[in-house]
Amino acid sequence: MEREPLIRSLAEVVGPEHVISDPDELRVYEVDGLTMYRAVPDLVVLPKGTPQVAAVVRICAREGIPFVPRGAGTGLSGGALPLKGGVVIGLSRMDRILEVDYVNQRAVVEPGLVNLWLSNAVGPQGYCYAPDPSSQGACSLGGNVAENAGGPHCLKYGVTTNHVLGLEVVLPSGEVVELGGWSVDPPGYDLAGVFVGSEGTFGIVTRIVVRLLKRPEAVKTMLLVFETIEDASATVSGIIGRGIVPAAIEMMDRLSIEAVEKGMQAGYPRDAGAVLLVELDGPRAEVEALVGSVIEVGRDMRLREVRIARDEAERTRLWKGRKGAFAAMGQISPAYYVQDGVIPRTQLLRILGEIEALSRRHGLRVANVFHAGDGNLHPLILYDNRVEGEAEKAEQLGAEIMKRCIAAGGSITGEHGVGFEKRDFMPLMYTPADLEAMLRLKRVWNPDGLCNPGKIFPVAKSCVEVGRAGRVQPSGSAPHRIEREGLGERY
Amino acid sequence: MRNAECGIMDELRKHLESIVGPEHLQVGDRAAEYAVDDRQPETVVFPETVEEVSAALAICHETRVAVVPWGGGTMMGLGNPPTRLSVVMVLTRLNKILDFEPADMTSTIQAGVNLDAYQEVLSRSGQFLALDPPRAERATIGGILASNASGPRRLRYGTARDLVIGARIVQADGVVTKAGAKVVKNVTGYDMNKLYVGSLGTLGVIVDASVRLHPIPPSRGTLLAAFGNVRSAQAAILRILDSPLVPSAVELIAPLAWAQVSRLSDLSAPGEGFVLAVEMASIQEAVAAQLAAARKICAEAGAAEVWAIETGKEKAFWRAVRDFQPDGEGGAILKASLLPGSLAQACLVGLRVADRTGLRLAVIAEAGTAVVRYFLAGDGPAEERDGRIAAAVSALREFAARSRGHLVLEAASARVKRSVDVWGPVGTSLPLMQRIKAAFDPRGILNPGRFAGGL
Chain A
623 MEREPLIRSL AEVVGPEHVI SDPDELRVYE VDGLTMYRAV PDLVVLPKGT PQVAAVVRIC
683 AREGIPFVPR GAGTGLSGGA LPLKGGVVIG LSRMDRILEV DYVNQRAVVE PGLVNLWLSN
743 AVGPQGYCYA PDPSSQGACS LGGNVAENAG GPHCLKYGVT TNHVLGLEVV LPSGEVVELG
803 GWSVDPPGYD LAGVFVGSEG TFGIVTRIVV RLLKRPEAVK TMLLVFETIE DASATVSGII
863 GRGIVPAAIE MMDRLSIEAV EKGMQAGYPR DAGAVLLVEL DGPRAEVEAL VGSVIEVGRD
923 MRLREVRIAR DEAERTRLWK GRKGAFAAMG QISPAYYVQD GVIPRTQLLR ILGEIEALSR
983 RHGLRVANVF HAGDGNLHPL ILYDNRVEGE AEKAEQLGAE IMKRCIAAGG SITGEHGVGF
1043 EKRDFMPLMY TPADLEAMLR LKRVWNPDGL CNPGKIFPVA KSCVEVGRAG RVQPSGSAPH
1103 RIEREGLGER Y
Chain B
676 MRNAECGIMD ELRKHLESIV GPEHLQVGDR AAEYAVDDRQ PETVVFPETV EEVSAALAIC
736 HETRVAVVPW GGGTMMGLGN PPTRLSVVMV LTRLNKILDF EPADMTSTIQ AGVNLDAYQE
796 VLSRSGQFLA LDPPRAERAT IGGILASNAS GPRRLRYGTA RDLVIGARIV QADGVVTKAG
856 AKVVKNVTGY DMNKLYVGSL GTLGVIVDAS VRLHPIPPSR GTLLAAFGNV RSAQAAILRI
916 LDSPLVPSAV ELIAPLAWAQ VSRLSDLSAP GEGFVLAVEM ASIQEAVAAQ LAAARKICAE
976 AGAAEVWAIE TGKEKAFWRA VRDFQPDGEG GAILKASLLP GSLAQACLVG LRVADRTGLR
1036 LAVIAEAGTA VVRYFLAGDG PAEERDGRIA AAVSALREFA ARSRGHLVLE AASARVKRSV
1096 DVWGPVGTSL PLMQRIKAAF DPRGILNPGR FAGGL
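So the sequence lines, in the order shown, correspond to chains A and B.
Counting along the first sequence from 1, when you hit position 17 you're at 639 in my numbering, and nothing is skipped either side.
Counting along the second sequence from 1, when you hit position 345 you're at 1020 in my numbering, and nothing is skipped either side.
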C-alpha cells in the first residue's frame, strides 16, 4: 500500500491527530532503552481502546506491513525497535485502571498504564502491585508483560508472570482473544503464561488482569557496608543459608557507588568496597527478629557498618541510590551498556572475578549493580560513544560476559529480554531443536511474522539484514534536530 | 482387531521390547491395571532413561498409536476418556535426583521421582519443594507437573507454574527439547515451561524438571475456628486476606467434610459447623503473633469455637484435608475456581444442588485462592446415580460461570465423563490451543481427546 492511502486508512481508525508521519516526530520512536541502536518506523499510530488496536493490526495484516507494539519505550534489549520499518503501535494512550476489586484482590488495567501508578492507586487501601522494575516510574504494564519484568522485590514476590491472571490480546491477525481469566486454573493450556515474556511477538496485549497484594505489616531497609565484594557476597550466602528470604538483596560495587553518590547523594559510603541493600518485609514479629539475624551474618563476614532506615524518607533515599544507579552512570561515563546475565548464586564471586579480568583485558570499566539474592547480574560496561570503536568493544565485552554466565549454568537474560540485542546468543543456551520448538510456537501466533519481526531469534545473515534494506543502525553520536538547534541537551 | 492391525501391534510390541527390555513391558491382564477410565492399553512400558523414552515415543509416533504417560497414577482421574489408547508409558523408573545445590535453592529431578521421597532428601538440607498435592506418597514430579496438581499451600507459594524453572521434554516424535534454565531468573526466549505444565502430557512427555525450592520454616501452627453459618466464616476469611497476615493455608471445611477430616486425623475436640483452618509458618514468635491475630479475627466474626490443633496432629490433619475423597464408591470430585467473595455462596449452592439431586456433598475450599472442591457421593444403581451426578455437575458449572469462574471434573466414572464435558468451555482461545496441539503433536498420539476442548 502506498504511504498516503495507508496514512488515511490508519487515520480513519485512530483519528488523524494520532497518526505520526512527520520525519522529525518519528525519530522519537527510533530508540528505546537500548540507546546503542536506532531504527526509524515508517509510521506511528496511537490507538485508544481494543477495537482501534484490532483495526490497526487488521490493516497491517491485510497489507503485509510489519508492526511493532510499544509501551513506554524503556526496554533495554531493543524490543521496541522497528527493525523492518512499518508501523509502531504505541499503547501510551491506553493507560486506564478499568476495575479494582479489593475484596478479591484483582485489578484490570490497560497496557499503557505506568507500573508505579497502579501501586500508587491501590496504596491507600493497603495494596500494591508487586513486580517493581527499577524503571517502574516510567515503564508500562504492557511492556512488563511482554518482557516478564522483574525488579528487586521479585526475589520474594516473583516476577510479572506470577501476578498476571488473564490477558486480552489482539492477535497478529487482528482477532481479539481472552487468555487466562479472572479466576485461577482456567481449563486448557496456560496461554496467558506463555504470552508473558513473548516480547511482543505473539500479539498486542490490550487488557491485563493482575493480582494485588496486601502491603506487608512491617518493612525494614538496611544498608550493609563492606570492605570487599567477597565479604558482601559471603553475607548474601550466609543470609540465604539461614533460610531467610528477604524481600530484596541488592549489591553495588565501589564504582557504582561512586556514580550514585556523584549523581544523587543517596548516602552510600564512597570508600566502601561493596554495599548490600537488604530489605525485609512481612509480619512485624518476623521482620524485627530477622533484622538481627541479618546483621549477625554480616558481622560474621566483617561487616564494617550497618545503617537501618528509620523512616519512609530514609528508606526512599536508600532505594533511590539503587534504582537510579543505571542513570547515574552518566556521572562517570559518557555512555554505558548494561548486561542482564544470571548465574547460580554459588558462582557469584567467580563470575565477578571473571568480569573484572575481562574488563581489564578490554580496557573498559565495568560497574556492578545487581540482584544478589537471585544471581541476576547487571554489569554496566562504561564506554565513550564519541570514541570510534568503543561501542563495538563494549558489545564484545558484553558478549563475553554472557558466554561466561551460560558456562556457569546460568542464563543470558534474567529480566531485560532477548529483543534485538541478544538474539544471536540464543544458540548458546538452546539447541536447534529447542529453538525449533519455540519457533513452532511462534508460528501458531504470528504465522506471517509481521508482529515485531526480528526479535528473539537469530536471523540468517544476509545483506538484507545488515545495513542496506535493514532499518537498524548504530545510534552513534548523531545529534537530534533538537540538539542541533540548541533547543535541548542529551543527559 | 483385524489381522493387519494385529500385525502392526505385534511389530510395535517387538520394537518396544527391544527398547526397554522384555522385563519392562507388560501386556494382557497385567496391562489392564493401567486402564484409563474404561479404556485398556494393549502394552505398558517402563522406560528407564530419557533415551528409552525418546526411542519408544519415536516408534509410537511412526506407528501412529496413542500413548498415555503415567507417573504415580494419582491424578489419572483427570481428563476425558481417551479417544484411543494403545500404549501406557510409565515414568517411575526415571527416578533420579539429578542435582541439588542447597546454596542455590534449586534442584533438577527426573519425572519419576516420588514427591514424599524427594521432600525427605531436601529436608536434610532444611529445604522443601512448595507443592502439596494429594497422595504425595505415590505422586511423581512428572505427573504433578503435567496435571498442575496442587494443595492448600498454593496460597502462599503458588503452583507448579510458579515453581518450575526448567524442564526437559520428549516430543511426540521422540525429539528431546529443553525449556527454561536452571536459574530462577530467566527470560531467554519463550516461557515454554508454561506450555508443558498443566497440559496433561498432550504436548510432550516431561522427563525431568528444574524447580525452585524454599527454606523449611522454623515453626508452623494451625488454628481451627468453627462457625455456625458459612457467611460468618467467609467474613473471617475476607478479613484475614485483607490483613497483613501471611498464612500458608486457609481452608474452609464444610460440616460433612469436617466429620471425615476430624475422624481421620483423630482430633479430639471436633467442633461443629463450617470450620476454618489457618496455617502460619515462620519463626516461632511470628507464628504465635499471627495465630493470635487470626484468632481475634475469627472470634470477632462470630466463631463459636476457636482452638489450636493439638501438637503432633497437624501433619495428619493436613494430609486428611489434601487427600480427601468422597465416601463410598462411584463418587465424583469437582474443582471450581471462583473468587474469595463467592465462597459462602459456593457452599450454599452446592448444598442446594446436592439436595435436589439426592447426593451427599462434602466441600473443602482453598479459601485464599478460591479453589472449591465438591466431593459428591450417592447411593443406588450406578447408572441412575451417574445421571444425578451429571446433573449436579451441570448445575454447579453454571453457577461457577455466573461467578466469573469455571468448574472442572477431577474424578468421576467414565459414564459421567461421557455425559458432561470434563473441562467446561475454554473460550475464545480454543482455536489457538488447537493450533498449538496440531503443531506439537500433529499425529495426535499423546493423550488424544483427554484434555480441554477435546485436545
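Ideal placement from N, C-alpha and C gives every residue a C-beta, glycine not left out.
Any idea which residues DSSP pairs residue i with across the strands?
| i | result |
| --- | --- |
| residue 845/A | 899/A, 929/A |
| residue 885/B | 783/B, 841/B |
| residue 745/B | 765/B |
| residue 956/B | 895/B |
| residue 1010/B | 1048/B, 1083/B |
| residue 1017/B | In the DSSP output, where bridge partners are listed per residue, residue 1017/B has none listed. |
| residue 990/A | 1001/A |
Thinking just about the alpha-carbon of each residue, which of the options is nearest to the one in residue i?
| i | options | result |
| --- | --- | --- |
| residue 1137/A | 878/B, 741/B, 759/B | Residue 1137/A lies beyond the stretch modelled for chain A, which goes from 623 to 1113, so this question has no answer here. |
| residue 1045/B | 942/B, 884/B, 1011/B | 1011/B |
| residue 921/B | 862/B, 892/B, 941/B | 892/B |
| residue 924/B | 996/B, 1054/B, 905/B | 996/B |
| residue 986/A | 971/A, 1013/A, 970/A, 833/A | 1013/A |
| residue 1070/A | 1023/A, 697/A, 813/A, 688/A | 688/A |
| residue 706/A | 1044/A, 662/A, 905/A | 662/A |
| residue 1060/B | 1034/B, 1008/B, 1039/B | 1034/B |
| residue 752/A | 952/A, 788/A, 741/A, 791/A | 741/A |
| residue 984/B | 942/B, 1027/B, 1092/B | 942/B |
| residue 809/A | 755/B, 686/B, 705/B, 1087/B | 755/B |
| residue 1026/A | 969/A, 1076/A, 693/A | 969/A |
| residue 888/A | 848/A, 947/A, 833/A | 947/A |
| residue 1038/A | 922/A, 781/A, 637/A | 781/A |
| residue 998/B | 734/B, 826/B, 799/B, 780/B | 826/B |
| residue 778/A | 883/B, 888/B, 953/B | 888/B |
| residue 746/A | 763/A, 834/A, 878/A | 834/A |
| residue 1057/B | 702/B, 933/B, 1005/B | 1005/B |
Between which residues of its own chain and residue i is the CB-CB distance below 7 Å, once the five residues before and five after are set aside?
| i | result |
| --- | --- |
| residue 736/B | 847, 848, 849, 1118, 1120 |
| residue 883/A | 890, 892 |
| residue 763/B | 709, 716, 719, 743, 745 |
| residue 1013/B | 1021, 1045, 1047, 1075, 1078, 1080 |
| residue 903/A | 838, 840, 841, 869, 909 |
| residue 738/A | 758, 759 |
| residue 852/B | 844, 846 |
Residues in the same chain with beta-carbon distance under 6 Å from residue i, minus the five sequence neighbours each way, listed in chain order, please.
| i | result |
| --- | --- |
| residue 835/B | 820, 823, 872 |
| residue 775/B | 782 |
| residue 991/B | 940 |
| residue 1111/A | Since pLDDT at residue 1111/A reaches only 43, below the 50 mark, its modelled position is unreliable, and the value read off the structure follows with that caveat. Same-chain partners within the cutoff: there are none. |
| residue 1024/A | 963, 1034, 1047 |
| residue 767/B | 787 |
| residue 1064/B | 1007, 1051, 1091 |
Leaving out five residues on either side along the sequence, give the residues of the same chain with a beta carbon under 8 Å from the beta carbon of residue i.
| i | result |
| --- | --- |
| residue 967/A | 858, 859, 862, 994, 995, 996, 997 |
| residue 970/B | 898, 900, 981 |
| residue 1063/A | 816 |
| residue 875/B | 753, 754, 821, 822, 1122, 1125, 1126 |
Positions along the stretch 805-822 of chain A whose CB lies within less than 7 Å of some CB in chain B: 805, 806, 807, 808, 809, 810, 811, 812, 813, 815, 816, 818, 819, 820
Contact the stretch 869-888 of chain A vs the stretch 794-813 of chain A: 3+ CB pairs below 8 Å: no
The stretch 1067-1077 of chain B touching the stretch 762-781 of chain A, judged by at least three CB pairs closer than 8 Å: No: fewer than three Cβ pairs fall under 8 Å.
The stretch 958-973 of chain A in contact with the stretch 832-848 of chain A per 3-pair CB rule at 8 Å: As far as the Cβ criterion goes, the stretch 958-973 of chain A does not touch the stretch 832-848 of chain A, which means the pair count is below three.
The stretch 657-673 of chain A in contact with the stretch 706-719 of chain A per 3-pair CB rule at 8 Å: Result yes; three or more Cβ-Cβ pairs closer than 8 Å.
The stretch 1035-1057 of chain B: positions lying closer than 8 Å to chain A by Cβ: 1044, 1045, 1046
Members of the stretch 751-766 of chain A near chain B, C-beta cut-off 8 Å: none
Interface residues of the stretch 888-911 of chain A facing chain B [CB-CB below 8 Å]: 904, 905, 906, 907, 908, 911
Three CB pairs or more closer than 8 Å across the stretch 851-868 of chain B and the stretch 1026-1037 of chain A: yes
Touch test, the stretch 1037-1055 of chain A against the stretch 686-702 of chain A, Cβ-Cβ under 8 Å, three pairs minimum: yes
Within 7 Å of chain A by C-beta, residues of the stretch 1073-1088 of chain B in sequence order: 1079, 1080, 1081, 1083
Cβ contact (3+ pairs, closer than 8 Å) linking the stretch 725-740 of chain B and the stretch 1100-1108 of chain B: no
Proximal residues, the stretch 945-969 of chain B versus chain A, C-beta separation under 7 Å: Residues passing the 7 Å Cβ filter: 957, 958, 960, 961, 964, 965.
Residues of the stretch 815-848 of chain B whose Cβ lies closer than 9 Å to any Cβ of chain A, in chain order: Residues of the stretch 815-848 of chain B with a Cβ closer than 9 Å to any Cβ of chain A, in chain order: 823, 825, 829, 833, 834, 836, 837, 844, 846.
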